[in-house]
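Novice: All residue numbers for the sequence shown refer to my numbering, where the first residue is 345 and numbers rise by one.
Note that the Cβ used here is the ideal one computed from N, Cα and C, for glycine as well.
This is the structure I want to talk about, given as structure tokens.
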Amino acid sequence: MIRLGVNIDHVATLRQARGGREPDPVWAAALSELGGADGITVHLREDRRHIQDRDLRILRETVRTRLNLEISLAPEIVAIALDVRPDQVTFVPEHRQEVTTEGGLDLLSHCDRVADAVARCKDAGIEVSLFLDPDPSQVEAAAAVGAVAVELHTGRYADAPDHASRQKELDALFDAGLRVRQGGLLLHAGHGLTLQNVADVARIPGMLELNIGHSIVSRAVFLGFERAVAEMKRAILDAVAAPQPGR
Ligand code: PXP
345 MIRLGVNIDH VATLRQARGG REPDPVWAAA LSELGGADGI TVHLREDRRH
395 IQDRDLRILR ETVRTRLNLE ISLAPEIVAI ALDVRPDQVT FVPEHRQEVT
445 TEGGLDLLSH CDRVADAVAR CKDAGIEVSL FLDPDPSQVE AAAAVGAVAV
495 ELHTGRYADA PDHASRQKEL DALFDAGLRV RQGGLLLHAG HGLTLQNVAD
545 VARIPGMLEL NIGHSIVSRA VFLGFERAVA EMKRAILDAV AAPQPGR
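Here's what the structure looks like:
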């Protein structure tokens, strides 16, 4: 069974556009769960551009599935995670000017910092996932720092301009997925996934969790949250049930 983690950051982005109280991401989380979400994902950014500390604390109390908190390695943010204790922390890189998380964590350059942050989360009973590009050397370093899971960055696959490059990126995800599992880690993926491109990623052997935000929130504007989550969940389940074309 693949878990669908619904990323509700964009609901908070809409709220912050007016600096008021609605739409409330806490409501989006509840409706996502009613629609079949297996987890709720939020990114508490250092600049607080969308999710606020208040959201995180309420979500910790109200989420009935799993709360996955995306954070950078910044000490003050790690301290908040240790205090709130989500079910899972996913470490991501963070750059002030980026529109969204642009690439995976550079584990090779920040090995000691990551290992230290992972150990502190583990001591607090929090599972740790690392958001990595499907790059063999990055993925193979994940087990050594004590992570439980790797979330493969599917952005390059999602943005591929043509069939050939999309296939090349998919091959890289399959290869990285194999390396993650050979390292004894759990396999997650996310970024840029939509109803149109989710099936091939869902079919990567051993895939356990997909984190999807923008596409679900975009469709929820027109269809409502429950329906937008339910149709994504169905697309994932159908993909896994169907034979793999061409593989
Ligand atoms: N996973 C991670 C680690 C992310 O940073 C994001 C974007 O916030 C997502 C998944 C979801 O990406 P999208 O909004 O493109 O579905």
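(1) Just the C-alpha distance for Leu388 and Ala418, rounded to the nearest angstrom, thanks.
(2) Quick one: give me the first and last residue of the alpha helix (DSSP H) that Ile421 is part of.
(3) Does the beta-carbon distance from Gln432 to Leu452 come in below 8 angstroms?
(4) Given Ala564, which residues of its chain have a CB within under 7 angstroms of its CB, disregarding the five upstream and five downstream residues?
(5) Is Val370 closer than 8 angstroms to Thr406 when the C-beta atoms are compared?
(6) Does the beta-carbon of Met576 have 16 or more other beta-carbons within 10 angstroms, so that it is buried, or is it exposed?
(7) Taking the alpha-carbon positions, what's the Gln511 to Gly499 distance?
(8) Rounded to a whole number of angstroms, what is the C-alpha to C-alpha distance between Val542 and Leu400?
(9) Taking the alpha-carbon positions, what's the Ala468 to Val492 distance?
(10) Rounded to whole angstroms, what's the CA-CA distance from Leu522 to Met551? Just pull it up for me.
(11) Grouping DSSP H, G and I as helix and E and B as strand, with all else coil, what is Thr434?
(12) Would you check whether the ligand PXP has a heavy atom nearer than 7 angstroms to the C-beta of Asp353?
(13) What does DSSP give as the partner residues of Glu446 in its beta bridges?
(14) Can you check which of these residues, Val545, Ile424, Ala461, is closest to His535 by C-alpha distance?
(15) Per the DSSP calculation, Glu414 is bridged to which residue(s)?
(16) Hey, Glu285 and Phe475 are a contact pair by Cβ (cut 8 angstroms); roughly how many whole angstroms apart?
(17) Would you call the CB atoms of Gly528 and Ala487 closer than 8 angstroms?
(18) Would you list the one or two residues that DSSP bridges to Ile556?
(19) When DSSP builds the beta bridges, which residues end up paired with Met551?
(20) Can you tell me where the alpha helix (DSSP H) holding Ser473 begins and where it ends?
(21) Using 8 angstroms for Cβ pairs, my map puts Val561 next to His354. What's the rounded Cβ distance?
(22) Alpha helix (DSSP H) containing Leu375: first to last residue?
(23) Report yes if the C-beta of Gly534 is less than 7 angstroms from at least one heavy atom of the ligand PXP; otherwise report no.
(24) With contact counted as at least three CB pairs below 8 angstroms, one residue from each stretch, are the segment 374 to 390 and the segment 348 to 363 in contact?
(25) Quick one: what does DSSP say His497 is sitting in, helix, strand or coil?
Specialist: Here's the rundown:
(1) 11 angstroms
(2) 419 to 428
(3) no
(4) Ala572
(5) yes
(6) buried
(7) 13 angstroms
(8) 27 angstroms
(9) 14 angstroms
(10) 10 angstroms
(11) strand
(12) yes
(13) Paired residue(s): none; Glu446 is not in a bridge.
(14) Val545
(15) His387, Thr434
(16) Any question about residue 285 goes unanswered here, given that the chain covers just 345 to 591.
(17) yes
(18) Val350
(19) Leu531
(20) Not the alpha helix (DSSP H): Ser473 falls in the beta strand (DSSP E), residues 471 to 476.
(21) 4 angstroms
(22) 369 to 379
(23) yes
(24) yes
(25) strand
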